[in-house]
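One structure is given here, and the rest of the page talks about it.
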Amino acid sequence: MQFGTSGVIAIVLAKGGWTLEQIAIYEALLFMGGIYTFFWLAGGNNALLQLFPKLDSESGRRGLFNSFLLFTAAGILSGLLIYGTANLVIDKITKFSTLPYLGLLSVYIAINAPTLFIHVYYLLLGQFKKIIFFGMIGFSLQLAAVAIPVLTGLGLKEVLYCLIAWASFKFVWVVVLIYRHTQWRLDPSFLRKYWHLALPLLLLAFIGKGSEYASTFLVTALFSDETAFAIYRYGAREIPLSLIMLSALATSLLPVASGNLEEGLKAIRKHSTRLAHFLFPVSIVFMVLSPVLFPLVFSPEFKPSAYIFNTLAFYLSNRILMPQVLTMARGHNFAVTMSALIEFFAVVLLCYLLGRSFGLVGIAMGSVLAFFVDRIYLIIYNWKKLGIHPSSYINWRVYLVYNALLIAAYCISFQM
Numbered sequence: 007m008q009f010g011t012s013g014v015i016a017i018v019l020a021k022g023g024w025t026l027e028q029i030a031i032y033e034a035l036l037f038m039g040g041i042y043t044f045f046w047l048a049g050g051n052n053a054l055l056q057l058f059p060k061l062d063s064e065s066g067r068r069g070l071f072n073s074f075l076l077f078t079a080a081g082i083l084s085g086l087l088i089y090g091t092a093n094l095v096i097d098k099i100t101k102f103s104t105l106p107y108l109g110l111l112s113v114y115i116a117i118n119a120p121t122l123f124i125h126v127y128y129l130l131l132g133q134f135k136k137i138i139f140f141g142m143i144g145f146s147l148q149l150a151a152v153a154i155p156v157l158t159g160l161g162l163k164e165v166l167y168c169l170i171a172w173a174s175f176k177f178v179w180v181v182v183l184i185y186r187h188t189q190w191r192l193d194p195s196f197l198r199k200y201w202h203l204a205l206p207l208l209l210l211a212f213i214g215k216g217s218e219y220a221s222t223f224l225v226t227a228l229f230s231d232e233t234a235f236a237i238y239r240y241g242a243r244e245i246p247l248s249l250i251m252l253s254a255l256a257t258s259l260l261p262v263a264s265g266n267l268e269e270g271l272k273a274i275r276k277h278s279t280r281l282a283h284f285l286f287p288v289s290i291v292f293m294v295l296s297p298v299l300f301p302l303v304f305s306p307e308f309k310p311s312a313y314i315f316n317t318l319a320f321y322l323s324n325r326i327l328m329p330q331v332l333t334m335a336r337g338h339n340f341a342v343t344m345s346a347l348i349e350f351f352a353v354v355l356l357c358y359l360l361g362r363s364f365g366l367v368g369i370a371m372g373s374v375l376a377f378f379v380d381r382i383y384l385i386i387y388n389w390k391k392l393g394i395h396p397s398s399y400i401n402w403r404v405y406l407v408y409n410a411l412l413i414a415a416y417c418i419s420f421q422m
């Protein structure tokens, strides 16, 4: 639902009469909000998922209330930081002339950020059907909050007002949820445990997810034409099916590899090969058709986005390898953190150099190559430090054949 809503909103903006400049500012505002929140949202989420199952019923109810207070405070702080420092960041680093409505963005972030844990609360409370129920209502209202003002000829200011109203609705929802299912009492013991667990996860999320934000941020630093940001953001979308299926597979294989390494190796090789037979052909078809589909689905101005999309399709070549599953299964989490740090610096260097030489496609290429550096590091680490030969979990014949076909499709797409 999240991927679908995001995609439909992108189509609405492109088809609804907004110019590339307007779309670029909208995307830049949301991106700026993400910079101030992505790390604590990811780290806070993972810490809560790890700590809550270890608590008894009473402590768990207090823990959910205290976590809500933390997330609300973090949302307010993020909003204040956006309002106070975003213009400084824009002036000193990016080539945007200015970003309007930072006050409205700050209010939106402050209200919306703590609501992004509603599905997590339902998950921890065991109310799984309500996750779907909330998703259907929440994402429908999000789509309406953007589509109605755009399709009725209104501008960005009205869209932000509608998004604030949508976020407010969700905030009331989460307050009612917390009121009904938690114990409203401060718990210093929980807060200490949570903080000690969350801090390293926040740092890991900042390093790992920061690579994605760094590459996009370089678009604003290298290109004075603000429309370039919209073109890049519309193309910087992995095929959702690939991302979801490979992430789910990696998560499901981790306990298998942790329990029995030999079984884990066989399972990774078997299931990654099976997914390769499905995902590579799908990616090849999308790659060839994207130069035709992007102008039709969005607008002719977004045809360059297709080549960014095609370049980032090579993320599949990296995600299908899965050396991180074995590294984490053996308890060497520091190596995963180190690889993420290496990837971050590789992203900055490669995206900068390739972006200057090849434009927006060069930035996308730098992101893919940096991710490849991450995977190669972990493959070598598993081989040299853990004694796990790459061939024991990678079907090289299938991998190389499909990548050759993917490269051929990539070259063909530039002739479309």
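Sequential numbering from 7 applies to the sequence shown in the working numbering. We put the CB at the ideal spot given by N, CA and C, even for glycine.
When burial is assigned at 16 or more other CB atoms within 10 Å of the CB, is residue i buried or exposed?
i, result
"F77", "buried"
"V342", "buried"
"C168", "buried"
"R198", "exposed"
"F284", "exposed"
"D231", "exposed"
"R403", "exposed"
"N339", "exposed"
"L205", "exposed"
"W24", "buried"
"L406", "exposed"
"A414", "exposed"
"G49", "buried"
For residue i, which residues of its own chain have a beta-carbon under 7 Å away from its beta-carbon, when the five flanking residues on both sides are left out?
i, result
"P246", "F9"
"I17", "V303, F304"
"Y383", "S345, I348"
"L19", "I29, Y32, V156"
"E244", "L318, Y321"
"I314", "Y238, G241, A242, L366, V367, A370"
"N316", "M293, S296, Y416, S419"
Helix, strand or coil for residue i, going by three-state DSSP, please let me know.
i, result
"H395", "coil"
"N266", "coil"
"E244", "coil"
"N401", "coil"
"D434", "For the chain, the structure presents residues 7 to 422; residue 434 sits outside this window and is missing."
"G39", "helix"
"Q421", "coil"
"M371", "helix"
"R191", "coil"
"L411", "helix"
"L61", "coil"
"T25", "coil"
"G365", "coil"
"M7", "coil"
Spatial neighbours of residue i within its chain, please: CB distance less than 6 Å, with the 5 preceding and 5 following residues excluded, ordered by chain position.
i, result
"K136", "Y128"
"L360", "G368, M371, G372"
"L259", "A273, I274, V331"
"M38", "A92"
"L147", "W172"
Determine the direct distance from the alpha carbon of residue j to that of residue i, and round the result to whole angstroms.
i, j, result
"N118", "L207", "22 Å"
"N324", "W190", "45 Å"
"I385", "I31", "40 Å"
"I138", "I124", "11 Å"
"G159", "A151", "13 Å"
"S248", "S289", "8 Å"
"V331", "T279", "15 Å"
"P310", "P297", "8 Å"
"P301", "M422", "12 Å"
"K176", "F140", "9 Å"
"V354", "F212", "14 Å"
"A153", "L111", "18 Å"
"G214", "F223", "15 Å"
"L47", "G81", "9 Å"
"S5", "L228", "Shown here, the chain extends from 7 to 422; a query on residue 5 therefore has no answer."
"V427", "L392", "In this structure the chain extends from 7 to 422, so residue 427 is not present and cannot be described."
"L411", "F286", "9 Å"
"L54", "L70", "9 Å"
"S73", "R381", "34 Å"
"V180", "G144", "12 Å"
"L210", "M334", "14 Å"
In its own chain, which residues sit with a C-beta less than 8 Å from the C-beta of residue i, not counting the 5 before and 5 after it?
i, result
"L255", "H277, S278, L281, M328"
"I115", "G39, Y42, T43, G81, S84, G85, I88"
"A173", "Y114, I117, N118, T121"
Q) Quick one: complete alpha helix (DSSP H) runs, 4+ long, within the segment 101-145? A) 108-118, 124-131
Q: Could I get the ranges of all uninterrupted beta strand (DSSP E) runs contained in the segment 271-347, with 3 residues as the minimum, in chain order?
A: none
Q: With a floor of 3 residues, list each beta strand (DSSP E) that falls wholly inside the segment 71-98, ordered by position along the chain.
A: none
Q. Considering only residues of the segment 147-232, which uninterrupted beta strand (DSSP E) runs meet the minimum length of 3 residues and lie entirely inside it, listed in chain order?
A. none
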